[in-house]
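Report on one structure; see the data block that follows.
Number of protein chains: 4
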Amino acid sequence: MKVRFEKDMTMTGEEYRASLRDGRRVFHNGQLVDDVTTHPRFRVGVDSIAKGYDDSAPNCAGESEALYSFPRSVDDLRQRMALLSGWEVTRATTLESLLALQTVGEQMAVSEPQYHQRIADYVAFCRRTDRRCVQTITDAKGDRSKSPSEQDDPDAYLRVIEEDERGIVIQGAKLHISGAAIAHELVVIPTKRMKVGEEQWAVSCAVPVNSPGITILNTNPAPDERDFEYHPVSRRFGIPDGLVVFDHVFVPHDRVFLCGEVAFSASFAHALGLWQRIGGVARMADEADVLVGLAQLLAEANGLTSMHHIRDKIADIVIYAAMIRACLEAAIAAAETTEAGFVIPNEVYTNVAKYYGSAELGAMLRNIHDIGGGAILTAPLPGDLQNPETRALVDKYMRTTTDVSGIYRTKLFYSVRDLTADTYGGWWQVSSLMSGGGLHAQKLVARKNYDMARAKQQALIFIGEEEGRAT
Amino acid sequence: MKVRFEKDMTMTGEEYRASLRDGRRVFHNGQLVDDVTTHPRFRVGVDSIAKGYDDSAPNCAGESEALYSFPRSVDDLRQRMALLSGWEVTRATTLESLLALQTVGEQMAVSEPQYHQRIADYVAFCRRTDRRCVQTITDAKGDRSKSPSEQDDPDAYLRVIEEDERGIVIQGAKLHISGAAIAHELVVIPTKRMKVGEEQWAVSCAVPVNSPGITILNTNPAPDERDFEYHPVSRRFGIPDGLVVFDHVFVPHDRVFLCGEVAFSASFAHALGLWQRIGGVARMADEADVLVGLAQLLAEANGLTSMHHIRDKIADIVIYAAMIRACLEAAIAAAETTEAGFVIPNEVYTNVAKYYGSAELGAMLRNIHDIGGGAILTAPLPGDLQNPETRALVDKYMRTTTDVSGIYRTKLFYSVRDLTADTYGGWWQVSSLMSGGGLHAQKLVARKNYDMARAKQQALIFIGEEEGRAT
Amino acid sequence: MKVRFEKDMTMTGEEYRASLRDGRRVFHNGQLVDDVTTHPRFRVGVDSIAKGYDDSAPNCAGESEALYSFPRSVDDLRQRMALLSGWEVTRATTLESLLALQTVGEQMAVSEPQYHQRIADYVAFCRRTDRRCVQTITDAKGDRSKSPSEQDDPDAYLRVIEEDERGIVIQGAKLHISGAAIAHELVVIPTKRMKVGEEQWAVSCAVPVNSPGITILNTNPAPDERDFEYHPVSRRFGIPDGLVVFDHVFVPHDRVFLCGEVAFSASFAHALGLWQRIGGVARMADEADVLVGLAQLLAEANGLTSMHHIRDKIADIVIYAAMIRACLEAAIAAAETTEAGFVIPNEVYTNVAKYYGSAELGAMLRNIHDIGGGAILTAPLPGDLQNPETRALVDKYMRTTTDVSGIYRTKLFYSVRDLTADTYGGWWQVSSLMSGGGLHAQKLVARKNYDMARAKQQALIFIGEEEGRAT
Amino acid sequence: MKVRFEKDMTMTGEEYRASLRDGRRVFHNGQLVDDVTTHPRFRVGVDSIAKGYDDSAPNCAGESEALYSFPRSVDDLRQRMALLSGWEVTRATTLESLLALQTVGEQMAVSEPQYHQRIADYVAFCRRTDRRCVQTITDAKGDRSKSPSEQDDPDAYLRVIEEDERGIVIQGAKLHISGAAIAHELVVIPTKRMKVGEEQWAVSCAVPVNSPGITILNTNPAPDERDFEYHPVSRRFGIPDGLVVFDHVFVPHDRVFLCGEVAFSASFAHALGLWQRIGGVARMADEADVLVGLAQLLAEANGLTSMHHIRDKIADIVIYAAMIRACLEAAIAAAETTEAGFVIPNEVYTNVAKYYGSAELGAMLRNIHDIGGGAILTAPLPGDLQNPETRALVDKYMRTTTDVSGIYRTKLFYSVRDLTADTYGGWWQVSSLMSGGGLHAQKLVARKNYDMARAKQQALIFIGEEEGRAT
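Chains as they are written, first to last, in my numbering: chain A, 823 to 1293; chain B, 823 to 1293; chain C, 823 to 1293; chain D, 823 to 1293.
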């Protein structure tokens, strides 16, 4: 099948699959993967993205509009939340990557107009070709106590090793790149502020996944297809994480968005951080509602809805869910508009929600486990539901009240285990915690963006020092 | 001085003071108080309300509009938050009481039009005479395991003991009535749902504080005026709490808003609860910003701003403050409009903020104490700042960095101690916790108002049971 | 090979393996397992128990003494903790089961001497034949709002369906039986107090795993042997959980320890609960030290040991570990001695440790994840360490400081992921939470055993009511 | 009355009072206090210490033995806990001070034998004269970012300004000295490690409170005697905190325990810290039991003992109390014995208990408040119980169940308010938090004393790296 790239229209799922057979160099467990679309460990992710393309085909105009343009009103912004939160991960990464680029693009419009233009052109290209991008930020970092220029191995942070009139050559590695192996574009940005003297590490650019020199090592929380029935959640949501190695990768100038201008080096990470975090909050808000629902379904399935401590634990999850959603609502309602008319969510509300949601997730899962009980782990296996002899035992001994069959309850436990107490559950918890930076980073950003001067003034007024402090 | 009651204008502070010399029967520590405006234990509260009247005089129209009318837009609602949060407590209680009455009034418009009309008339009366009202809800309750009609003493819940063509006679007591002794009107509502057979306890009405039969026993977190310098916070914010006894109190029919219609008995407490809680959240949001400011001022005064654990504790308070404000913003942004055009804050966001703010307040004060250190308690006394010999010692030994004098730092500690670790601090913590119901009540209301059906549906979709559960 | 059963000596690992080929009816995923010792999903557990036999062979006398006798001094008790905590799970279950039986045996010595004697004989038998037992307690339970006798299906709780001069016949199912499929003996006890009229459900007995009528459905957190390298923890500790079905299982009288005497029905669960919980605490104390060590190893491997927030998170885990161990020490130091000279750990300290350890585990894992970072999930796979090309990339990009190789760091992440964020990690968290009852159960038991009368007396003295309360 | 100082016997309360009329220079609120034994703000403290003397008179030998000698067995140590925890604060400060001195004395025995001997002589003197000592450690500190020698004002840390053959002259101030104004001896030690070049600040000595040059500014959580009835707790436990100024205070050599030997400068604070913290833990363990008792009394007085959320909150306090006591038990059980035969509690268990107890206290008080309700604040005043009219109202409206009178319940609320939500309550919370260092200090010490090397080894074994790490 011919790939309809470079045409102004939305891909189909099949076209997306075809587009991945492009010579990309993807490894799984030490083996080069011949075709990611058929490999059992990548299929879950490929299928979910393909489905995303197919689902959006009928309303492609609106989709593309939303995926590839900057929100220009609070309503726009609210609409983007659905894309950031949705189950198709590369839509979120595409949106986050391109919004981050455009946010910095605006900041550079006056002093570095060439980058501003290239970013605009690149976004237009992605829109025209309906490409899926991934943010590519975290460097290998080597010795954390040393700056990029002090490392034994200068590649510990991705850098420019050559430059000529055609473009630049970059080298290094980027870690934890969700979806890299099954997306189209790597949007490369510096992991942190670079200082004068570290120009070669101040680089941002966009690189197609199949570029010569790119190698991706993968891990994967998705189940093998033989285990789909036991993994009702991860069979639909699991997506590979890649360690992306750049070995002498050439990038033409028109895909270079920063090259040595250290003054802007931190802006990319900052912009991406904000969009990643609001995306994370949008997802957490939806996931928290799902946790409430699961807790209630578990309580009902176990026949425990009238027990006070069970009701109390469900109420704790309700509070968790409502707090996160309140912050999301507030971050949207209190959005700021840039000179260019870009609408950007409130940073403080975004960050505290990300912090709270991550920090308390474990306590909520503990509530889920306490409501569900040990059968989350020990509900008999899918094969036991096939064999009539064992199925009869499951039905007899796993049922509770008249309207809760043993089979239904067993399957409910599969979902809870898969989401909260198995491979994908572990991946989810760690990913939720680390996306957009760990707890310490969230605290730092929250504090930095909080209006401390106003708070001090309010405190002085409150304690009666209305004229300011009398030292 | 002549009291200008019954004229359509705003009182002055002096007129307010005069209006309190109305024969009201107020006790302090077993002694009948001759004049609350001059008694040392009531002066703080009286002064704060008088100041409130004087401050609002220049813009009386807008004030009255806000205090005595229902918000009809999101902007209206946001504006009310300033009144609910402000330092003048009886503005909040007036607003909360009248909004609660009007909320129920609308609900009764069809089936009990007489009450709907009386409430409207009463609100107009309060507006015309610029009166301050207090909500009067919590009954003595007697044995909590028994309902009102089962109590040994039927007065354990306030009730109607007589009724004739002129009005009703009520008896009982209401507890924890902040500001009762220095306000004008007691807005009486049932403390909870009454059942069929409990008609005599299903009573709501408005009663002037100086009505025959009203006796108020008081406690008071405000300092005696000799201690004002040591109490820079409570000298401005302390207000008496009253145990209000109703002994054969006559209420004319036009001030009766419920009398036996048990079907509406719970509506008042529910409506008041919502307005009390959003008021509580508005105050907590402002107080939390003050706590951040105080923490920062303490860190600066102690010269500890660069210590990591100090910064971390300040960040914790920042997160606390931002979470509460986010919920407040969300409760306003997601407000609902009733048929009558009344705009009412979102209940779930309001409740979870009230829960979170109350539940975490102690941890925040612990942070403040950990930042401030023992000198919060042991900073020398105001008299030590008067005596030149001791003042010199205070200045020498309480100072830290060049720009932090010992006198300033000592006074800062007064404010922190007064707000967080002294009589008013204890009052504040318990009041914050209990206003609008304790933690358990907040949880119940949050859970009741949360859309559980939607959460279950989201959970079913998430786990792949899109068609609904297959039991 | 001939199985040396019924001889007074310790088995070898090979003899243990042989003893499992006894016709037991074990299912995995709907398939009857021919030989648990060779099946890939049971091998991990079998190997760990076999190793336990072999390790203890040289010092068999002491081992047997400890495993099969009641502690009679505080030192004895302390020594048992090593067995309860050790990695060989069926030693803990054997010890817990037999201690629970003996605890109740003593209680029944006077009124039900036949059971007291049978229990003593059974313990001697287990000791003589070096058998591994599992506690078999949790019933299917059906509708939780109904008692055993009210269930639609009377088998929802295991019960006696026949009795004659030779013995009894039991029917029902027991859930969450760790190690059932690879142990020798099922020690059956009632899951809760039975009331008069529920005599048929008040049954305790011991049943060999290969008894006719026993069927075991299994789940398993252990990895398949192909994945051993990626699961350095679970490859050694994973053990199957069984849903054990009893279908017309005959039990001779000399293995019946309760049959209808409802007065003692709750004693078994109570006794087992205590021993399970102290075992759980002993394990948690050791595991918590391991968590501290892992946190420190992660911080060192990431080169982050001087960062304040990292040090703070490690300190949090130190506190967690020290609190649990302090409670364990106190539970031993404050042990009680029964009339028969049995030494039993302090119940209050045991329960609060179990509660605290379970409740805070999630927060500690969050700390571990925050210290370790996303590479816990995304460290390249074992196959990537085999292929020289990818191994070079791993070594280049996963290393940090000079003395931390990329290979070492990658393998460290395997352990952390396996223990905290993968299948076994989920199993561990839920098992830790639920073993000995969930959080609510721990709270109930802690409160029940706490000396409330003394606390009230202390409070009265403290508030100056030394003569007792003056109501 | 003649003071029987210098005789080998126990003082009476009257002798103690007489001993305070010794010319000491004590200020209250800028006023020089003529006689601390009759001043209304010091009487509570003086009375409590006098009562302590009288109570111990009959068994003076044992008392003195315990107060003035080092524990030499675990039983000895356990016995000391009663003294450290008791309500007579200066017994704790005496014991802590002298134990700290003796701990360091032993460490200096070889290299600084003169100090070792002087400390022994001083302890014997205190024992002979039955003196009460206070620890005097925290310096004014000035600019925290600078060391003692860098301060603008060298007196920011107490220092030696002169030395001759008779003794030394010291200058500076010490803060937060509980009981200073009503004790006999100030045991002065350095607040932290001094470096080479800071010899003049490395000073420890003992100074009588009435020494020329000593001035004490006081604050006080104790109530004025007119308010005793409303403060049933603080009327017995309140004790003044002093800012103790040393202005050219002469100290003879035989009372100097360190003078310039910077190598030992940190040992004093370390030793005192340990004894302060174990003392703090002993008190917190007893206080926590009192909190449980109060919670239960409140629940009973409110008639709420069967409500699930109330029971749950009481259980939370039970867990808190049992955790602290478990740590105390473990700290004693795992005590270490020095070469000199001194028995010293386990540092790790001591510190984590201090941390946990302080960190969670606020949450426990929140539980108390949530159980008690708003009447903690609003229960009518003592005068209302005197006036028959108001007393009748209190009795009618504050009673709950048949056996809970309104008067009893009102008085119970006084105690709870006084302890948890009033002046003394604030003092208690901040003091509990800060004694022995704030939370950060506790964490640092816990981590420093925890056996990290063992934990790492356990972790390596656990993950299968039994031979040690393979970097």
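Quick reminder that beta carbons are idealized off the backbone N, C-alpha and C, glycines included.
Given the structure is predicted, the values throughout are model-derived calculations rather than measurements.
Residue i: first and last residue of the uninterrupted beta strand (DSSP E) it sits in
i	result
N1040/B	1036-1041
V1226/C	Segment: none, V1226/C is in no beta strand (DSSP E) and carries neither H nor E.
Residue i and residue j closer than 8 angstroms at C-beta
i	j	result
G1001/D	G867/D	yes
R981/C	A1028/C	no
N819/A	R1099/A	Residue coverage of chain A in this structure runs from 823 to 1293, which leaves residue 819/A outside it and unanswerable.
R1231/D	L1199/D	no
T960/D	K996/D	yes
N928/D	Q957/D	The sequence shown places Glu at residue 928/D, rather than the Asn named in the question. Result no, Cβ atoms of E928/D and Q957/D do not sit closer than 8 angstroms.
D1134/B	K1265/A	yes
R846/A	V1067/A	no
R894/C	L905/C	no
M1106/A	G1179/A	yes
A1085/A	K1014/A	no
A1281/D	V1112/C	yes
In DSSP terms, what residue i is bridged to
i	result
K1278/C	Answer by DSSP bridge pairing: none, since K1278/C is not bridged.
I992/B	V982/B, V1071/B
Best match in the options for proximity to residue i [C-alpha to C-alpha]
i	options	result
R1023/D	H1053/D, E984/D, N1173/D	First, the amino acid is wrong: residue 1023/D is Trp here, not Arg. Checked all of H1053/D, E984/D, N1173/D; the closest Cα to W1023/D is E984/D.
T1223/C	D975/A, N1124/A, D943/A	D975/A
F1072/C	I1036/C, D1049/C, A1091/C	I1036/C
F1235/D	V911/D, M1220/D, C948/D	M1220/D
V848/A	R900/A, I1141/A, V1170/A, L1065/A	L1065/A
G1101/B	G1258/B, G835/B, P935/B	G1258/B
Range of the contiguous alpha helix (DSSP H) that encloses residue i
i	result
I1061/D	From DSSP, I1061/D is part of no alpha helix (DSSP H); its letter is neither H nor E.
H850/B	That residue, H850/B, is in no alpha helix (DSSP H); its beta strand (DSSP E) goes 848-850.
V866/A	865-878
E918/B	911-930
L1183/C	1169-1194
Min CB distance residue i to chain G below 8 angstroms
i	result
D1244/A	Among the chains of the structure shown, chain G does not appear; the protein chains present are A, B, C and D.
With three or more C-beta pairs closer than 8 angstroms as the rule, is the region 1075-1089 of chain D touching the region 887-903 of chain D? no
If contact is defined by three or more beta carbon pairs under 8 angstroms, each pair taking one atom from either stretch, is the region 1041-1060 of chain D in contact with the region 1241-1251 of chain D? Segments in contact, yes.
Is the region 1266-1285 of chain D close to the region 1266-1273 of chain B, with three or more CB pairs under 8 angstroms? The region 1266-1285 of chain D is not in contact with the region 1266-1273 of chain B.
The region 1116-1130 of chain A touching the region 1112-1126 of chain B, judged by at least three CB pairs closer than 8 angstroms: no
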